[in-house]
Structures are given as structure tokens and as C-alpha cells.
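Letter by letter, the sequence shown follows residues 79 to 511 in our numbering. The C-beta atom is built at its ideal place from N, Cα and C for all residues, glycine as well. Values in this document were obtained by computation on a predicted structure and should not be read as measured data.
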Amino acid sequence: MTRSVGARPPLDVFLQPAVVGGGLGDIEEVLAVGRRLERLGWTPLLYRGPGRPLPPSVSGPWGWPSVRRIHRLRPRSRHALTVTPWWGVSAAPRSERSGPPGPWCVETRDIERVYGSDRVVHLSLEEFARTLTSRQQTRERWREGGVAARTLPQRMKGSADRGEIRAFHDAYREWRAFDRPNVLHLFTGFRPSRAFAREFPEAVQAGPLWPETVAGAVRRRRHQWIWYASPSTSDRLATQLAHALPSPERGSPRVEIEVRGPRPFDLPPGPGVRWRTREPSSPEDWLRRFRAAELRLVTGSRTLLEAVSAGGPFLYFNGVLNRGTRTRRHRPEKIEALLECWRRHGVLASLRQDLADFSRLRRVTAIVRSAVGDPRWSARFPARSAAVDYPAGWDDAGRLIDRWTTAWAGAPDSASRFVRGLRTSAQAAFLGL
79 MTRSVGARPP LDVFLQPAVV GGGLGDIEEV LAVGRRLERL GWTPLLYRGP GRPLPPSVSG
139 PWGWPSVRRI HRLRPRSRHA LTVTPWWGVS AAPRSERSGP PGPWCVETRD IERVYGSDRV
199 VHLSLEEFAR TLTSRQQTRE RWREGGVAAR TLPQRMKGSA DRGEIRAFHD AYREWRAFDR
259 PNVLHLFTGF RPSRAFAREF PEAVQAGPLW PETVAGAVRR RRHQWIWYAS PSTSDRLATQ
319 LAHALPSPER GSPRVEIEVR GPRPFDLPPG PGVRWRTREP SSPEDWLRRF RAAELRLVTG
379 SRTLLEAVSA GGPFLYFNGV LNRGTRTRRH RPEKIEALLE CWRRHGVLAS LRQDLADFSR
439 LRRVTAIVRS AVGDPRWSAR FPARSAAVDY PAGWDDAGRL IDRWTTAWAG APDSASRFVR
499 GLRTSAQAAF LGL
């Protein structure tokens, strides 16, 4: 269904939420865009074919906009927009690539058949801060797989490995559906990658899709921490936290840590910690409790953005692989990109080192005790603006999506020409083309 507010042109907006990368943030991003577009005057549609249940985890306690659920397509506008995580993986029609069908491929096929493919723009919300070139992606796969850091440079020079890099490049283009002219691939992050833009000119980069704020003042709860514990190795961090938090006998207050995550795990006792597990709750309740916490333990992308946006102290842990000297971080590019932005904005090296080490599960005791006992440590966290290195106009994905959607609703162009224009603008902004 489409609402028109003032002179705003009509548009049929379809939300296609799904879990793709393993984190529930994929769903929240789609719904966050839906809430923005609802505020602009469009009522998003949730079209699902007859007899087809929603993808796993979609029917949770999410912050849904006023979506209208339909099982039959009846166009009310000339143009349509779909909002999907990783469109090439979750929504591309099966005939366009090998592998299993995505959870929204049937609905995408129907929408293009009814509207016409050149009347539909697919907004693809790609993985946050994952703008690595094929060479970087290959190196990262080897690093996570256990290849020693000292041998990586030499290995990258091998001719066989150059072939592997090329194979990755080709597969990545196919699975991201970069050949599709009506797909707007949006890669959000803290800072742009010019090398990624050169290798994949179809990708449009922008600053973060920031979370909404909580209305009204939030009172900070002293000695109350909150942890979104989604990594499979969260139990290893819990053990270190239980040992790191000082005993009240030493004059330090006991810290209560509220834990929320997709799976239960053992929370070991410790003299300085009181654990509380919490079931999923409404987005409003989560954000209120999250912002009231004295310190946040975050992971992935959405809770990291929530922590940066809220301001104040936080620590990041996205999981580790192996043990001892072979311990390796899982997907560290998000925290690395943030810390590089902080470096460029003059944030103290000691704070940056603390966050980098904590994400590696190193120096946990020293860092935690600074967080508990040194108010200067908490005061060193910078404002949100220090986290973004995009040029003006490209630094906020939400505002860009607002403008793009309004422009597409009233565009005289075809979808392919409209998307081509946005890709060209992005190339000009980041590469000076």
C-alpha cells in the first residue's frame, strides 16, 4: 500500500527481512529502512507467496513499521522498491546463479514479473564495513584458517594463489549479483575503500545506517553493564570477565552484567560479578536498557553502531578462533575500521590499543579494571562524529536512502538508468571520476 504525503510521489515499498550473515542485525537493518520510509509517508508491504512461511527469526520481537502483509500483488504505483539484505544471496532468482535459492527469490521473481524488472529498484543492504578487495578477502580467509602471519606475504605472491584471488573475484561478483543493473548495492561502513570501489564499481559506499535514538533522557545505571553475547566463543570471554572483575573486598563495587544472546552458555561465578540473563524484548526496551548501562559489551555491526551512537564506554568482542599463540579474531574488519577512524581523529592511542586487545581476548583483566576503577578511561571515548571518514553527503546512509527513495518514486527513468546514475555519483565522490 502507498500513502502520499504532500507532493511525495507514490511508490510500492517491499520489505524482505532475513538473516544472511548469521547475525540478527540483518533483519533490523531492513526494518530500520522501513521505519524511515514510513516516516516519509510510505506504508511498506510484506509480500509473501501463498503457503510460504516467513524466513527463520523474522517473526521476533522486532520494531516493525506499520507494514501491510499481502499474499497477492496488486500494484498501486508505477515504481516499486525492495529492501533486502545481500540481495544476490537472499533474493536473486535461482535461475541467475548456482547454489540454493534465497529466502526471497520467489517473491522477487513475482515482483519483477508483475511490475517489470525496469520498474523495480532492489536496495541491497550489504555487510557492514566489509569492503575488502579480492586480494584482501583471500588473505583474510587464510589468516582465519590458521596460516601464520609471517608466511602470508610470501604466499600471496604465488601464481596459484593469484588464480585463487581471481576465482574469488569472479565468485564474489556472481553471488553479489553485480551484473544486475537494477540492484543498488549499498555497502555502509566507517570509512570508504577506494581500492574496493576500483575493483567493484557497481558497489555504492556510504556512512552507517545509524540506529534510532531513545526519546527522553536516560538515567545512567552505575555498575550495570550490558552484553549482547552472540559469538560462539562468548563463554571464553565470560570466564575472563569473572576473573577480571575485582572483588568487593578490595573496595570495588560488584558489577552486574546483563547478558542477552541467541544461545545460552555457562556464566561462571566470580566475586566481582553478578550475572543476569535476559530474554529478547521490544526494541524500545532494549535501547533504553542499552543506553542506561554504564558500559556496553558489543559485537557484530548493529550493537557496535548502537554503542558508538549512544556515546560513552564500550568494549567489542566478535569471537576468536583457536587458542594460545594461534588465537585469531573472527571478522575484525569492523573494529579495525573504527579504530582507524579514531586514529585519524586524534583519539588516544592507549584507548585504541585497549579496544584492539580486548577484541583479541588479550589483556582483559587490565582493561576491565581500568573500566571499573578509572573514570578517566571512560571519559576518553569520543563523540559519534569521530567514527566517520566519509565526505559530506555520503556520511549517513539513512539520509541517502531517504533521498534516493524519493527520487526513484518520481523518476522518469528506468530502474537500470536510475541505479547507473547513483553508481556514477559514488565513483565520482570516492575516485574523482
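I need the DSSP call for residue 417, collapsed to helix, strand or coil.
helix
Let me make sure I understand the geometry here. Which of 424, 173, 415 and 382 has the alpha-carbon closest to that of residue 288?
382
Roughly how many whole angstroms lie between the Cα atoms of residue 213 and residue 234?
8 Å
With DSSP as the reference, please indicate the residues paired to residue 163 in a beta bridge.
203
Roughly how far, in whole angstroms, is the beta-carbon of residue 140 from the beta-carbon of residue 105, given that I think they are within contact range, below 8 Å?
6 Å
In its own chain, which residues sit with a C-beta less than 8 Å from the C-beta of residue 419, not counting the 5 before and 5 after it?
268, 269, 464, 465, 466 and 467
Can you find the residues in the same chain that come closer than 7 Å, C-beta to C-beta, to residue 300, ignoring five residues on each side of it along the sequence?
372
Using a 10 Å radius around the Cβ and a threshold of 16 neighbouring Cβ atoms, would you call residue 90 buried or exposed?
buried
Going by alpha carbons, who is nearest to residue 114 out of 232, 483 and 358?
483
Taking just the CA atoms, how far does residue 117 sit from residue 360?
20 Å
If you measure between the beta carbons of residue 507 and residue 259, is that distance less than 9 Å?
no
To test your reading of the DSSP string, which unbroken alpha helix (DSSP H) runs of 4 or more residues are found completely within the stretch 244 to 285?
272 to 277
Roughly how many angstroms separate the alpha carbons of residue 486 and residue 180, rounded to a whole number?
26 Å
Under DSSP, the alpha helix (DSSP H) around residue 299 begins and ends at which residues?
Element bounds for residue 299: not the alpha helix (DSSP H) but the beta strand (DSSP E), 299 to 306.
Cα separation between residue 411 and residue 391?
20 Å
Buried or exposed for residue 83, please, with buried defined as at least 16 other CB atoms from any protein chain shown within 10 angstroms of its CB.
Confidence at residue 83 is low in this model, with a pLDDT of 47, below 50, so the placement of that residue should be treated as unreliable; the coordinate-derived value is given next. By the neighbour-count rule (16 or more Cβ atoms within 10 Å), residue 83 is not buried but exposed.
For residue 296, three-class secondary structure by DSSP
coil
Please classify residue 123: does DSSP put it in a helix, a strand, or coil?
strand
Per the contact definition of three or more C-beta pairs closer than 8 Å, is the stretch 307 to 322 in contact with the stretch 330 to 342?
yes
Residue 380 burial status per 10 Å Cβ neighbour count (16 or more: buried)
buried
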